[in-house]
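One structure is given below, encoded as C-alpha cells.
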Amino acid sequence: MTLYPQLAASIEKAKTLPIPEERTEILQVLIDYVQEKIDKGQEINLNFICTHNSRRSQFSQIWGKVAAAYHGIEVNSFSGGVEVTAFNERAVSSIQRFGFKVSKEGKGNPKYFVFYSNDEDPIVAFSKVYDDPANAPARFAAVMTCSHADENCPFIPGAEARIPVRYEDPKAFDDTALEAEKYDERSLQIASEMLYVFSRIKK
Numbered sequence: 021m022t023l024y025p026q027l028a029a030s031i032e033k034a035k036t037l038p039i040p041e042e043r044t045e046i047l048q049v050l051i052d053y054v055q056e057k058i059d060k061g062q063e064i065n066l067n068f069i070c071t072h073n074s075r076r077s078q079f080s081q082i083w084g085k086v087a088a089a090y091h092g093i094e095v096n097s098f099s100g101g102v103e104v105t106a107f108n109e110r111a112v113s114s115i116q117r118f119g120f121k122v123s124k125e126g127k128g129n130p131k132y133f134v135f136y137s138n139d140e141d142p143i144v145a146f147s148k149v150y151d152d153p154a155n156a157p158a159r160f161a162a163v164m165t166c167s168h169a170d171e172n173c174p175f176i177p178g179a180e181a182r183i184p185v186r187y188e189d190p191k192a193f194d195d196t197a198l199e200a201e202k203y204d205e206r207s208l209q210i211a212s213e214m215l216y217v218f219s220r221i222k223k
C-alpha cells in the first residue's frame, strides 16, 4: 500500500506525538480486544460511536482504518451515532488538510468517499445511527468516543465489547479564529492514538 505523500507525512508527524500514561491505559483495552481477535483468527469490527456521528467518531473511523492498514492489519472500521446529522464540513476540511482525497455525493447528509491510497478502496463516511445497515450488525466493539453517547447508551445491541475512548469535541471552537487549529489538533490526536494502538498488535 502506497499512501498519498502528504498523508504519509501527516502520519509521520502523528507518530511523534507523546501519548500520556492515562491515555495509554485507556487505549490498552482496545489493544487487548484487537489482539484477542487476531489471536483467534477472527474478523475485527470496530464501530466508533458518538452522539451525532459528525466529528470525533468520523475521525476515529477514518484514522482507525488507515492506522490498521499502515501496520498491515485488516480491520473493518465503522462509525455511528444516536441520531443522524451529517459529517461536519469542518471535519471534512481537516482530513483534507492532512492529505486525504475526498469526493462528495448527495446533499443534506452526503456520502463522502475518503481516499488514502490509490491501492485501496475509499472509506465511505456519512452520518448514521450505530445500527445502520452499513455497519456490522454483531460481533463488533463499540468504541465510545464521546461522554454523551457513552452515558446515554447503556446498551449497544450486537456489541461484544464496549470500550470508552473519549475525545474532547472540537465543535466548541466552531466559528472562532481557532476553529481549523482545534479540528486539526483533535484529528491529529486521534491519528496518533490509533497508530499507537495498531503498533502494539502482534500479528
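Numbering-wise, the numbering used here puts 113 at position 93 of the sequence shown, and it's gapless, one number per residue. Every residue gets a Cβ at the ideal spot worked out from N, C-alpha and C, and that includes glycine.
For residue i, the nearest candidate out of the options (CA to CA)
{"i": "ILE210", "options": "TYR24, ASN65, VAL86", "result": "VAL86"}
{"i": "GLU94", "options": "LEU27, SER207, VAL54", "result": "VAL54"}
{"i": "SER30", "options": "SER114, GLY101, VAL185", "result": "SER114"}
{"i": "ILE139", "options": "ILE221, TYR90, TYR187", "result": "According to the sequence provided, residue 139 is Asp. The question's Ile does not apply to it. The shortest Cα separation from ASP139 among ILE221, TYR90, TYR187 belongs to TYR90."}
{"i": "ASP152", "options": "PHE193, VAL102, GLU171, PHE135", "result": "VAL102"}
{"i": "ALA106", "options": "PHE120, SER77, ARG117", "result": "SER77"}
{"i": "ALA156", "options": "GLY100, GLU56, ASP52", "result": "GLY100"}
{"i": "PHE193", "options": "TYR187, LEU37, VAL185, LYS202", "result": "LYS202"}
{"i": "ILE82", "options": "LEU208, ARG220, ILE221", "result": "LEU208"}
{"i": "LEU215", "options": "PHE175, ALA34, MET21", "result": "ALA34"}
{"i": "GLN26", "options": "LYS121, GLY84, LYS127", "result": "LYS121"}
{"i": "GLY84", "options": "ALA197, ALA145, SER167, THR196", "result": "ALA145"}
{"i": "SER224", "options": "ALA154, TYR187, TYR150, VAL149", "result": "Only positions 21 to 223 of the chain appear in the structure, and residue 224 is not among them; the question remains open."}
Buried or exposed (CB count within 10 angstroms, at least 16 for buried), residue i
{"i": "GLU213", "result": "buried"}
{"i": "ARG7", "result": "Since the first residue shown for the chain is 21 and the last is 223, residue 7 is missing from the structure and cannot be characterised."}
{"i": "GLN62", "result": "exposed"}
{"i": "VAL134", "result": "buried"}
{"i": "THR165", "result": "buried"}
{"i": "GLU170", "result": "According to the sequence as given, residue 170 is Asp; it is not Glu. By the 10 Å Cβ count, ASP170 comes out buried."}
{"i": "VAL185", "result": "buried"}
{"i": "LEU23", "result": "buried"}
{"i": "ALA161", "result": "buried"}
Rounded distance between the beta-carbons of residue j and residue i, thought under 8 Å
{"i": "TYR132", "j": "VAL112", "result": "6 Å"}
{"i": "VAL163", "j": "LEU66", "result": "6 Å"}
{"i": "GLY119", "j": "LYS223", "result": "About 26 Å; that fails the 8 Å criterion."}
{"i": "SER147", "j": "ASN129", "result": "5 Å"}
{"i": "LEU50", "j": "ILE183", "result": "5 Å"}
{"i": "MET21", "j": "SER137", "result": "5 Å"}
Cβ-based neighbour list, residue i, same chain, cut-off 7 Å, excluding 5 preceding and 5 following
{"i": "ARG75", "result": "ASN108, ALA111, ASP189, PRO190, LYS191"}
{"i": "ILE58", "result": "ILE221, LYS223"}
{"i": "ARG117", "result": "ASP204"}
{"i": "GLU79", "result": "The amino acid occupying residue 79 in the given sequence is Phe; Glu does not appear at that position. For PHE79, where only same-chain residues beyond five positions count, the Cβ hits under 7 Å are ALA111, ARG206, SER207, ILE210."}
Check: residue i C-beta below 7 Å from any heavy atom of the ligand GTP
{"i": "ILE143", "result": "No copy of the ligand GTP appears in this structure; indeed no ligand is present at all."}
Cutoff 8 Å; reference residue i; Cβ partners in own chain excluding five residues on either side
{"i": "ARG159", "result": "GLN62, GLU63, ASN65, GLY178, GLU180"}
{"i": "VAL149", "result": "ASN73, GLY100, GLY101, VAL102, GLU103, VAL104"}
Own chain residues within Cβ distance below 6 Å of residue i, not counting five before or after
{"i": "ALA88", "result": "VAL95, PHE218"}
{"i": "LEU37", "result": "SER212"}
{"i": "SER123", "result": "PHE133"}
{"i": "GLU142", "result": "The amino acid occupying residue 142 in the given sequence is Pro; Glu does not appear at that position. Correct list, in chain order: PHE133, VAL134, PHE135."}
{"i": "GLU199", "result": "PHE193"}
{"i": "GLU125", "result": "LYS131"}
Evaluate the contact criterion for the segment 64 to 79 versus the segment 30 to 44: three or more CB pairs, one atom per stretch, below 8 Å.
-> no
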